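Chemist: Residues 755 to 1049, numbered by the numbering used here, are exactly what the sequence shown covers, in order. Note that the Cβ used here is the ideal one computed from N, Cα and C, for glycine as well. As the structure is a computational prediction, the values presented were derived from the model and not from experiment.
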Amino acid sequence: RSGAGSNDGAPVAAAAAASPAAVADVAAPMQAAPREPEPEPEPAPQPEPEPTPEPEPVPVEEPVTPPPVKAEAAPQETAADDLPPWATDEAEARDQALAAEMDAPVVMATPEAAMVAPWQEPPAPVAVAAEPERPFHAEGIEIAPAAPVATPVPTADQVSISDLASAEDWLDLVANSGLSGPSRQLAANAAFISCQGGTLKLGLSPGFEYLRSERALSALGDMLEKALGQAPRIVVETVETEQVPAETLHQRADRQRGERQQAAEAIFMDDPEVQLLIQQHGARVVSDSIRSFDE
């Protein structure tokens, strides 16, 4: 038994000796294996927003429709029983004729079959005689007379230098000459002395010598050439007013203006209403305030 016991103990010891090596072999691969990484923590789920509660629908009261009233059908049999026999026969005949008309086919009229009224020409317009135009006559409107037309400047065919023989001829020629400016002033203030041998002699009063300029004399000569057919030689002298036998155009205009003023004052003073104011009310007339219509 001891030998058996020793034999039994040897395998156990060998097994015991071999077990650490096996453990070491197993442990070595476990230590040599790489360490797996730890998984990352998952993010925490965010809370979902709560849904907004929808407003509850307001109940709408539906209109209550009254129940239809059923019309009671009149008893036909009773009405038929009340009619006489001949009336019933006539009603049946009408119903049959109406049913026959409804069953008959409907025929549509074609465009060719449609009745079209024939075209009629419109009546010719009746010619109406137009009334003659009547001349217009203004009532109560006084038409002023037309202004007098200025006498045209005498031409060479109408006036010659031999016709310029008097002061009136000279004044009429200057008045209708159409001169303006310095030449007009020279001709209006120059008195006619004579016109002989192609020479026109004029006279200026003292104080008007400044009007005798070359420009004025040239324009005056051009006017005389157009009016008389030739330009005379113009001689302007200074003479006293008392020695001038004729008046100038300016003097004649002043004289005529004075005559018109005197006539206007005489007419005004002869007015009965003016005389009444003077005699009964002591009115006084200022003569300078009276003007003729021509002024």
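(1) Just to confirm, is the Cβ distance from G961 to A945 under 8 Å?
(2) Report, in whole angstroms, the separation of the C-beta atoms of S1061 and M977, which I expect to be a contact under 8 Å.
(3) Taking the continuous alpha helix (DSSP H) assigned at V1028, which residues delimit it?
(4) Indicate whether the contact test is met: 3 or more Cβ pairs, each with one atom in the segment 1005-1014 and one in the segment 968-988, closer than 8 Å.
(5) Going straight from the alpha carbon of L974 to that of E1001, what length do you get?
(6) Provide the residue span of the alpha helix (DSSP H) that contains F1022, from first to last.
(7) Tell me the rounded alpha-carbon separation between F1022 and F1047.
(8) How is G975 classed by DSSP in three states: helix, strand or coil?
(9) Going by other Cβ atoms of all chains shown within 10 Å of its Cβ, with 16 needed for buried, is R1038 buried or exposed?
(10) Measuring alpha carbon to alpha carbon, tell me which of I1032, A985, Q1005, P1026 ends up nearest E922.
(11) How would you label V990, buried or exposed, when you count the other beta carbons within 10 angstroms and need 16 or more for buried?
(12) Could you please give the first and the last residue of the uninterrupted beta strand (DSSP E) stretch that includes R938?
(13) With burial defined as no fewer than 16 other Cβ atoms inside 10 Å of the residue's Cβ, what is the status of E831: buried or exposed?
(14) Compute the beta-carbon to beta-carbon distance between R969 and P936, rounded to the nearest angstrom, for a pair I have assumed lies under 8 Å.
(15) By the DSSP assignment, the alpha helix (DSSP H) with V1039 in it spans what residues?
(16) Would you mind stating whether S959 and T995 have Cβ atoms separated by less than 8 Å?
(17) Measure from the alpha carbon of S967 to the alpha carbon of each residue in L852, A919, A941, then state which is nearest.
(18) Leaving out five residues before and five after R1045 in sequence, what residues of the same chain have Cβ atoms less than 6 Å from its Cβ?
Modeler: Well, looking at it:
(1) G961 is not a Cβ neighbour of A945, given a cutoff of 8 Å.
(2) This structure gives no information on residue 1061, because the portion of the chain shown stretches from 755 to 1049.
(3) V1028 -> alpha helix (DSSP H) spans 1026-1035.
(4) No: fewer than three Cβ pairs fall under 8 Å.
(5) Approximately 19 Å between the Cα atoms of the pair.
(6) Element bounds for F1022: 1003-1023.
(7) Going from the Cα of F1022 to the Cα of F1047 covers about 12 Å.
(8) Under the three-state reduction of DSSP output, G975 falls in the helix class.
(9) Under a 10 Å Cβ-count criterion, R1038 is classified as exposed, with fewer than 16 other Cβ atoms of the shown protein chains found around its own Cβ.
(10) Nearest Cα to E922 within the set I1032, A985, Q1005, P1026: Q1005.
(11) Buried is the call here.
(12) In the DSSP annotation of this structure, R938 is not part of any beta strand (DSSP E); the continuous alpha helix (DSSP H) holding it starts and ends at 936-943.
(13) Model confidence at E831 stands at a pLDDT of 46, short of 50, so the residue's coordinates are unreliable and nothing is read from them.
(14) The distance from the Cβ of R969 to that of P936 is about 6 Å, consistent with a contact at the 8 Å cut-off.
(15) First-last for V1039: undefined, no H or E at that position.
(16) Contact flag set, yes.
(17) With distances taken between Cα atoms, S967 lies closest to A941.
(18) Result list for R1045: empty, nothing under 6 Å.
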